[in-house]
Amino acid sequence: MNSILFQYMLFSVLATACAITSTSDCLTSHERFLQEQHEIFSDAERSPLLEKDREGFQSINYYPYDAKYCVRARWVRTEDELPFEMPTSTERRPMYIKYGELHFDVDGEQLVLSAYQNIELSKDSEWENYLFIPFNDLTNGETTYGGGRYLDFEIPETEWITLNLNNTYHPLCSYDHRYSCPIPPEENMLDVRIEAGVKSGINGRPADNSEH
């Protein structure tokens, strides 16, 4: 499977950050995100679900939308970063570079997420502004996939942006272990529960185990 590019093409809604100009846009963004996700998972040719899971498929599980996870974040561009090999769930090691950081708070907790640029993908003019935010939090292995979750992002034009954590999604390998999925770097481990976005399981049922 052309896993990493397929991952981007499949899930890059790019409504999670810079397309949102205010917190009032977050619910609209989230509704659009859910609709697009449902269309993908319901399409036999595009769905990452195993055949047994596609049968009788109704919906992916999500946390209810929560406005507190639509956060005001300060963008900090990080300079002089070096390219590195991003570990994945397979032997594949794509080259990334840390591009910047998002500083925000949830329930008074000061949090930071790093955003990364896929070097190969950035050579394509269609994807040159695309950034990738893989992260872990304390829901992993309980209500969300043990291997973390992802957010899509675009290089912002301003210092302050709105980040919609309700639009987090799971790596493709959470549905089919044959995919090759980036493993979130240690610096993107959040020591809080982000109870927003995708949850493990489908059709309202929890997954048997959030880690394959």
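In terms of the numbering used here, the sequence shown is residues 15 to 226.
Note that beta-carbon positions come from the ideal geometry of N, C-alpha and C, so glycine has one too.
If you ignore the 5 residues before and after His52, its C-beta comes within less than 8 angstroms of the C-beta of Ser73 and Ile74, all in its own chain and listed in chain order. In the displayed model, Ser43 falls within a helix according to three-state DSSP.
Between Leu177 and Leu125, the beta carbon gap of about 10 angstroms keeps them out of contact (Cβ cut-off 8 angstroms). Counting along the chain, the unbroken alpha helix (DSSP H) around Glu65 starts and ends at Glu65 to Arg68.
Taking Ile175 as reference, the option from Met203, Arg163, Ser43 and Phe118 with the minimal CA-CA separation is Phe118.
Contact check between the segment 132 to 148 and the segment 103 to 114: three or more CB pairs, one atom from each, fall below 8 angstroms, which counts as touching. With at least 16 other beta carbons inside 10 angstroms of its own, Arg163 counts as buried. Per the DSSP secondary-structure output, Asn178 pairs in a beta bridge with Cys84. Per DSSP, the continuous beta strand (DSSP E) segment holding Ile74 begins and ends at Ile74 to Tyr76.
Contact fails between the segment 206 to 213 and the segment 93 to 102, because fewer than three Cβ pairs, one in each stretch, are under 8 angstroms apart. In terms of CA proximity to Thr172, Arg86 leads the group Tyr110, Asp121, Asn180 and Arg86. In the structure shown, the three-state DSSP call for Glu105 is coil. Going by C-alpha positions, Ile197 is about 21 angstroms away from Tyr76.
In the assembly as shown, Leu96 is an exposed residue. Its beta-carbon has fewer than 16 other beta-carbons within 10 Å. Bounds of any alpha helix (DSSP H) do not take in Leu125; it lies within the beta strand (DSSP E) bounded by Glu123 to Asn132. According to the DSSP secondary-structure assignment, Leu165 is paired through a beta bridge with Ile147. In terms of Cβ geometry, Asn202 and Ser128 form a close pair [threshold 8 angstroms]. In this structure Ala58 is exposed. Its beta-carbon is surrounded by fewer than 16 other beta-carbon atoms within 10 angstroms. In this model, Pro62 and Ser56 are separated by some 10 angstroms (Cα to Cα). The beta carbon of Ser136 lies closer than 7 angstroms to those of Glu142 in the same chain, with the five residues before and after it left out.
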